[in-house]
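Following UniProt numbering, the numbering of the sequence shown begins with 1 at its first residue and continues without gaps. Okay, so here's the structure we're looking at.
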Amino acid sequence: PPEPYYMQILKICEVDDAASNIRAVTRYALNGEEVLRYQSDQNRWFSVHPSAWPLAERWNQAKETFAEITPQRCMFFIEQSAQFITGKTAQPTARVALIPGTQALPRRLICHVTGFYPHHIEVTWERGGQVAQGEQLSSGIRPNADPTFQTQVSIELGQEGTSPAEHVCVVRHSSLGNTTLRVTW
């Protein structure tokens with residue numbers, strides 16, 4: 001199968017100390033590289049990557065359709081997010097999926113963890129109570145639409161004799177205290 005593409009959208013609200021000047025910025029990135037940016041103070045899309053120039057121009061011509069976050073919406077999001085900024089935490093949830101192998105690619109287990117705050121988290125695979133052998137690949141930590149975060153960690157299962165049920169996704173996060181979240185396939 002083809003390699004996946006990751007589109008990330010980051011919405012930023014910049015507020016001065018007096019909260020009198022608010023600037024909203026939206027950044028689009030493809031595979032970790034920023035390609036487009038919207039700035040509310042200029043009410044305009046900018047192409048950061050040369051190939052995105054036609055799209056930025058099209059979106060600038062249709063401002064009503066492609067208008068982005070406004071300073072007023074920024075204040076709303078800041079007010080909604082204040083509960084997390086003031087020390088609140090959110091516990092992660094996790095689910096495990098098996099990606100079947102092909103002739104070219106081995107089977108993989110993926111542990112998708114979401115809904116946690118703050119963003120610091122540890123996700124590992126264990127087998128038989130020990131850290132599982134094999135390369136564990138992480139997507140990195142990505143923001144959700146709310147103030148929480150998500151990540152996924154996968155591990156290659158290798159030979160056909162290895163049962164996915166032998167593996168456990170182990171999640172450690174400050175919101176869980178001294179306990180761990182353990183999820184099997």
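Heads up, the beta-carbon is just placed ideally off N, CA and C, and yes, glycines get one too.
Residue environment, residue i, which counts as buried when at least 16 other CB atoms sit within 10 Å
{"i": "ALA24", "result": "buried"}
{"i": "SER40", "result": "buried"}
{"i": "GLU68", "result": "buried"}
{"i": "TYR28", "result": "buried"}
{"i": "GLN150", "result": "buried"}
{"i": "PRO54", "result": "exposed"}
{"i": "residue 189", "result": "Absent from the structure is residue 189, since the part of the chain shown begins at 1 and ends at 185."}
{"i": "LEU181", "result": "buried"}
{"i": "ALA94", "result": "buried"}
{"i": "ALA52", "result": "buried"}
Beta-bridge pairing of residue i - partner residues as DSSP gives them
{"i": "HIS173", "result": "ILE121"}
{"i": "CYS74", "result": "CYS74 is not bridged to any residue."}
{"i": "GLN8", "result": "ALA29"}
{"i": "TRP45", "result": "TYR38"}
{"i": "ALA24", "result": "CYS13"}
{"i": "GLU126", "result": "VAL131, VAL168"}
{"i": "PRO143", "result": "PHE149"}
{"i": "ALA104", "result": "According to DSSP, which records beta bridges pairwise, ALA104 is partnered with nothing at all."}
Inter-residue CB distance, residue i and residue j (contact presumed, cutoff 8 Å)
{"i": "ALA56", "j": "PHE46", "result": "6 Å"}
{"i": "GLN152", "j": "HIS112", "result": "5 Å"}
{"i": "VAL48", "j": "ARG37", "result": "6 Å"}
{"i": "ASN60", "j": "ARG44", "result": "6 Å"}
{"i": "GLY158", "j": "GLY177", "result": "With a Cβ gap of about 34 Å, GLY158 and GLY177 do not count as contacting."}
{"i": "ARG142", "j": "GLN8", "result": "7 Å"}
Alpha carbon of residue i to alpha carbon of residue j, nearest angstrom
{"i": "HIS167", "j": "GLU14", "result": "43 Å"}
{"i": "GLY140", "j": "PRO118", "result": "14 Å"}
{"i": "THR102", "j": "SER154", "result": "16 Å"}
{"i": "TRP185", "j": "PRO147", "result": "28 Å"}
{"i": "VAL170", "j": "THR162", "result": "19 Å"}
{"i": "ASN31", "j": "TYR5", "result": "6 Å"}
{"i": "THR89", "j": "VAL183", "result": "21 Å"}
{"i": "ARG73", "j": "ALA165", "result": "46 Å"}
{"i": "PRO2", "j": "PRO100", "result": "15 Å"}
{"i": "ILE110", "j": "VAL96", "result": "6 Å"}
{"i": "PRO50", "j": "THR70", "result": "26 Å"}
{"i": "GLU126", "j": "ALA145", "result": "30 Å"}
{"i": "ILE12", "j": "THR26", "result": "6 Å"}
{"i": "THR179", "j": "GLU64", "result": "49 Å"}
Residue i: first and last residue of the uninterrupted alpha helix (DSSP H) it sits in
{"i": "GLN136", "result": "Here GLN136 belongs to no alpha helix (DSSP H); instead the beta strand (DSSP E) covers 136 to 138."}
{"i": "ARG58", "result": "53 to 61"}
Unbroken beta strand (DSSP E) run spanning residue i, endpoints
{"i": "GLN152", "result": "149 to 156"}
{"i": "ALA97", "result": "93 to 99"}
{"i": "THR114", "result": "108 to 116"}
{"i": "LEU181", "result": "181 to 184"}
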